[in-house]
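Here the protein sequences line up with chains A and B, keeping their order.
Residues in the first sequence are numbered from 1 upward in steps of one, following full-length UniProt numbering.
Residues in the second sequence are numbered from 1 upward in steps of one, following full-length UniProt numbering.
Here a beta-carbon is modelled for each residue, glycine too, at the ideal position from N, C-alpha and C.
Everything on this sheet refers to the single structure shown next.
Number of protein chains: 2
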Amino acid sequence: MNEIKIFSPATVANVACGFDVLGFCLDSVGDDMVIRKTDKKGIHITKIENFDLPFETELNVAGVSALAMYNAIDVDFGFEIEIYKNIKPGSGIGSSAASAVGSVFGMNELIGRPFNKTQLTEFAIKGEAIASKCEHADNLAPALFGGFTLVKSISPLQILEIPSPNDLFATIIHPQIEIKTSESRAVLPKEVPLSDAIEQWANLGSLVHALHTSDYNLISNSLNDVIVEPYRSQLIPHFNEVKQAALHAGALGAGISGSGPSIFSLSKGLETATKVKEAMAAIYSKTDIAFEIHVTKINNEGVKIIS
Amino acid sequence: MNEIKIFSPATVANVACGFDVLGFCLDSVGDDMVIRKTDKKGIHITKIENFDLPFETELNVAGVSALAMYNAIDVDFGFEIEIYKNIKPGSGIGSSAASAVGSVFGMNELIGRPFNKTQLTEFAIKGEAIASKCEHADNLAPALFGGFTLVKSISPLQILEIPSPNDLFATIIHPQIEIKTSESRAVLPKEVPLSDAIEQWANLGSLVHALHTSDYNLISNSLNDVIVEPYRSQLIPHFNEVKQAALHAGALGAGISGSGPSIFSLSKGLETATKVKEAMAAIYSKTDIAFEIHVTKINNEGVKIIS
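Spelled out as structure tokens, the structure:
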């Protein structure tokens with residue numbers, strides 16, 4: 001096999017009470033990528049469609065993660081990468097993570113899978129870091145492993161796969177506004193009240209238990225972020241209206257996807273997730289803010305081979 | 001049935017990363033209590049053995065929780081309570097919780113179980129509050145439900161039963177020193193670094209997952225308290241030595257039981273838990289601090305009828 005086409009999915013990180021640790025993987029939203037073995041050594045990005053991203057390997061997220069892996073193997077050939085980018089950079093649903101994951105997953109397949117998914121995450125972290133200016137894996141882990149993942153720690157890298165009920169669907173709306181990463185970081189407090197922190201970890205412990213036991217009511221009860229959302233939601237116009245509309249339409253919970261501006265919600269069943277879509281869309285339709293909206297089941301497989 | 005004898009177990013609260021929310025139930029340590037229907041209306045404490053505790057119903061933890069329940073039922077009889085107290089008050093293994101739970105559990109049995117365990121916890125909270133000066137359920141919940149419990153919230157009261165592996169044993173050492181509740185509260189910071197809070201909830205989410213999946217290594221990895229232990233451990237002489245001795249002897253983890261001074265550890269298997277006992281005891285044996293030490297499996301039943 002000299003060439004592989006893969007689908008690298010979008011993901012939601014910072015799932016409410018799971019700020020900085022919990023993420024999940026989307027099914028029908030993601031990038032396509034082609035990875036090809038070539039006689040020419042090194043990593044070469046030969047095509048990027050839809051968005052204006054750098055072709056220089058060292059400046060491209062997919063290129064940097066690919067290089068991290070390339071430097072760890074000893075081969076007498078190289079790789080070409082084609083990126084068919086569908087996830088808009090800066091949308092808050094793991095655009096850079098999809099790129100970072102896709103290249104290393106595809107290369108690993110082409111050379112006989114010497115690396116496990118945790119090792120692939122280690123390479124992908126290097127790519128993700130040039131986009132987000134810090135090493136984190138909360139989008140990478142669900143993109144690679146699928147389903148819900150909890151990144152217990154970065155050093156050493158420990159990723160836990162949390163089971164989730166079959167009938168869980170996500171609705172994600174992306175208002176086409178820009179939030180600078182620096183701004184979304186700057187609004188976070190350095191210190192938080194101990195009582196809020198306790199409430200947050202009670203909710204996260206409860207959410208993990210609820211996912212294990214397929215308890216939809218408890219999932220709903222646990223999807224609360226008392227620490228970060230009060231600050232970051234102020235950067236997203238109409239956040240509270242969208243969240244309330246989603247809940248009113250039957251969503252189990254809603255929150256900021258990643259560092260925004262996308263807003264995610266989780267619902268039991270496709271029918272409810274579709275009603276939630278209409279309710280969320282109705283809010284931004286009344287404004288002059290353009291938006292995209294997706295309804296998707298949770299993707300339990302993660303990044304995968306198309307052909 | 002006019003009389004019932006029950007065993008009300010000791011418990012460990014504030015289980016490392018589960019500060020204020022997670023607890024577990026001990027098997028061979030606890031109080032015996034006799035609850036008896038009487039013609040005389042009201043709640044009457046007729047016997048207290050081993051410790052000097054108040055006989056006045058309104059001043060006694062078991063009495064106050066019993067009264068809370070008694071005021072919620074309409075009966076033309078009363079109850080007598082005998083307390084055979086084995087858990088030393090102030091030891092940090094849920095002495096007051098055992099009393100608060102025992103009376104309401106026994107009364108509920110005698111009147112045909114009109115209340116579920118969450119409702120019994122609501123009554124017991126009233127008794128616990130006179131001992132600890134605040135309404136909390138982190139010892140009550142494991143005493144009533146058994147096993148590991150997560151108190152998701154107090155208002156409304158939500159208690160989750162977290163499954164745990166069969167071969168999990170606790171070793172608990174009680175150095176006979178007094179820590180004033182006011183002092184153990186005063187050392188806690190009002191605010192904590194966000195980065196520490198994130199580490200704590202990553203650990204708690206991970207611990208809940210590890211308990212669900214019987215992953216002993218992950219239980220061990222997750223039993224870390226980066227928020228409270230650094231402060232409260234300073235109130236317990238030789239805490240770090242005891243903890244290190246427990247870990248060195250093979251314990252999965254160790255930490256402060258409740259607000260101390262007891263120190264708990266968890267181990268896989270009775271043999272390791274017994275080695276841990278010897279290692280922990282060896283530290284205090286070199287000092288002039290008297291101590292008690294217990295090895296017990298996790299009690300998955302909670303408070304129970306003896307006869």
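Identity of the residue in the options nearest residue i by Cα
{"i": "Ala13 (chain A)", "options": "A:Ala141, A:Lys190, A:Leu53", "result": "A:Ala141"}
{"i": "Ser233 (chain B)", "options": "B:Ser222, B:Ser257, B:His212", "result": "B:Ser257"}
{"i": "Thr11 (chain B)", "options": "B:Asp76, B:Ala137, B:Gly63", "result": "B:Ala137"}
{"i": "Lys133 (chain B)", "options": "B:Ala97, B:Leu168, B:Glu271", "result": "B:Ala97"}
{"i": "Pro163 (chain B)", "options": "B:Ile4, B:Ala16, B:Leu22, B:Val101", "result": "B:Leu22"}
{"i": "His174 (chain A)", "options": "A:Ala16, A:Glu80, A:Ala72, A:Ile236", "result": "A:Ile236"}
{"i": "Pro156 (chain B)", "options": "B:Glu128, B:Gln119, B:Asp167, B:Val192", "result": "B:Gln119"}
{"i": "Ala129 (chain B)", "options": "B:Leu110, B:Cys17, B:Ala251, B:Ile154", "result": "B:Ile154"}
{"i": "Ser184 (chain B)", "options": "B:Val61, B:Val228, B:Glu161, B:Cys17", "result": "B:Val228"}
{"i": "Ile73 (chain A)", "options": "A:Leu188, A:Glu56, A:Ser95, A:Asn108", "result": "A:Asn108"}
{"i": "Glu135 (chain B)", "options": "B:Phe123, B:Phe145, B:Gly146", "result": "B:Phe123"}
{"i": "Pro9 (chain A)", "options": "A:Tyr231, A:Ile283, A:Lys88", "result": "A:Lys88"}
{"i": "Asn166 (chain A)", "options": "A:Gly92, A:Gly255, A:Ala202, A:Thr213", "result": "A:Thr213"}
{"i": "Ala66 (chain A)", "options": "A:Ile125, A:Phe51, A:Lys85", "result": "A:Ile125"}
{"i": "Gly127 (chain B)", "options": "B:Gly78, B:Ala273, B:Glu56, B:Val242", "result": "B:Glu56"}
{"i": "Glu161 (chain A)", "options": "A:Ile111, A:Lys117, A:Leu150", "result": "A:Leu150"}
{"i": "Ala131 (chain B)", "options": "B:Gly94, B:Phe239, B:Ala68, B:Leu26", "result": "B:Gly94"}
{"i": "Leu26 (chain A)", "options": "A:Ala62, A:Glu49, A:Tyr84, A:Ala143", "result": "A:Ala143"}
{"i": "Met69 (chain B)", "options": "B:Phe148, B:Ala100, B:Asp196, B:Glu278", "result": "B:Ala100"}
{"i": "Phe148 (chain B)", "options": "B:Asp225, B:Lys180, B:Leu211, B:Leu218", "result": "B:Leu211"}
Below-8 Å beta-carbon distance, residue i vs any chain B residue
{"i": "Lys117 (chain A)", "result": "no"}
{"i": "Gly200 (chain A)", "result": "Here the sequence assigns Gln to residue 200 (chain A), which means Gly is not the residue at that position. True, the Cβ-Cβ gap to chain B drops below 8 Å."}
{"i": "Ala13 (chain A)", "result": "no"}
{"i": "Pro261 (chain A)", "result": "no"}
{"i": "Val21 (chain A)", "result": "yes"}
{"i": "Leu188 (chain A)", "result": "yes"}
{"i": "Ile197 (chain A)", "result": "According to the sequence displayed, residue 197 (chain A) carries Ala and not Ile. Interface residue, yes."}
{"i": "Leu53 (chain A)", "result": "no"}
CB contact check: residue i to chain A, cutoff 8 Å
{"i": "Glu183 (chain B)", "result": "no"}
{"i": "Phe24 (chain B)", "result": "no"}
{"i": "Lys47 (chain B)", "result": "no"}
{"i": "Glu191 (chain B)", "result": "yes"}
{"i": "Ser65 (chain B)", "result": "no"}
{"i": "residue 318 (chain B)", "result": "Because residue 318 (chain B) is not part of the residues shown, which for chain B are 1 to 307, the question remains open."}
{"i": "Leu194 (chain B)", "result": "yes"}
{"i": "Gly30 (chain B)", "result": "no"}
{"i": "Gly18 (chain B)", "result": "yes"}
Cutoff 8 Å: residue i Cβ touching any chain D Cβ
{"i": "Pro9 (chain A)", "result": "No chain D appears in the structure shown, which is made up of the protein chains A and B."}
Residue range of the beta strand (DSSP E) that includes residue i
{"i": "Asp27 (chain A)", "result": "18–38"}
{"i": "Glu49 (chain B)", "result": "42–49"}
{"i": "Ser267 (chain A)", "result": "263–268"}
{"i": "Glu128 (chain A)", "result": "Taken as a continuous stretch (DSSP letters only), Glu128 (chain A) belongs to no beta strand (DSSP E), being part of the alpha helix (DSSP H) at 117–132."}
{"i": "Gly258 (chain A)", "result": "From DSSP, Gly258 (chain A) is part of no beta strand (DSSP E); its letter is neither H nor E."}
{"i": "Asn14 (chain A)", "result": "3–15"}
{"i": "Val295 (chain A)", "result": "291–297"}
{"i": "Ser153 (chain B)", "result": "148–153"}
{"i": "Leu223 (chain A)", "result": "That residue, Leu223 (chain A), is in no beta strand (DSSP E); it is neither H nor E in DSSP."}
Inter-residue CB distance, residue i and residue j (contact presumed, cutoff 8 Å)
{"i": "Phe24 (chain B)", "j": "Ile298 (chain B)", "result": "6 Å"}
{"i": "Leu59 (chain B)", "j": "Gly205 (chain A)", "result": "That belief does not hold up - the Cβ atoms of Leu59 (chain B) and Gly205 (chain A) are roughly 35 Å apart, past 8 Å."}
{"i": "Ile81 (chain B)", "j": "Ile45 (chain B)", "result": "5 Å"}
{"i": "Phe291 (chain B)", "j": "Gln176 (chain B)", "result": "6 Å"}
{"i": "His294 (chain B)", "j": "Ile172 (chain B)", "result": "5 Å"}
{"i": "Leu188 (chain B)", "j": "Val192 (chain A)", "result": "About 14 Å; that fails the 8 Å criterion."}
{"i": "Gly302 (chain B)", "j": "Gly102 (chain B)", "result": "Not a contact, Cβ separation roughly 11 Å."}
{"i": "Phe79 (chain B)", "j": "Thr121 (chain B)", "result": "Phe79 (chain B) to Thr121 (chain B), Cβ: 19 Å. No contact."}
{"i": "Arg36 (chain A)", "j": "Asn2 (chain A)", "result": "6 Å"}
{"i": "Leu168 (chain B)", "j": "Lys268 (chain B)", "result": "7 Å"}
Segment limits, alpha helix (DSSP H) that includes residue i
{"i": "residue 376 (chain B)", "result": "Nothing about residue 376 (chain B) can be reported from this structure: the residues present for chain B run from 1 to 307 only."}
{"i": "Phe145 (chain B)", "result": "140–145"}
{"i": "Phe105 (chain A)", "result": "95–110"}
{"i": "residue 314 (chain B)", "result": "As shown, chain B starts at 1 and ends at 307. That puts residue 314 (chain B) outside it, with no answer to give."}
{"i": "Gln200 (chain B)", "result": "194–212"}
{"i": "Ile236 (chain A)", "result": "From DSSP, Ile236 (chain A) is part of no alpha helix (DSSP H); its letter is neither H nor E."}
Residues of the UniProt domain "GHMP kinase C-terminal" (208–285) of chain B whose Cβ lies closer than 8 Å to any Cβ of chain A, in chain order: Val208, His209, His212, Leu218, Asn221, Ser222, Ile227
Chain A contacts made by the UniProt domain "GHMP kinase N-terminal" (69–147) of chain B, where a contact means CB separation under 7 Å: So nothing in the stretch comes that close.
Contact residues within the segment 144–172 of chain B, judged by C-beta distance below 8 Å to chain A: Leu150, Val151, Lys152, Ser153, Gln158, Leu160, Ile162
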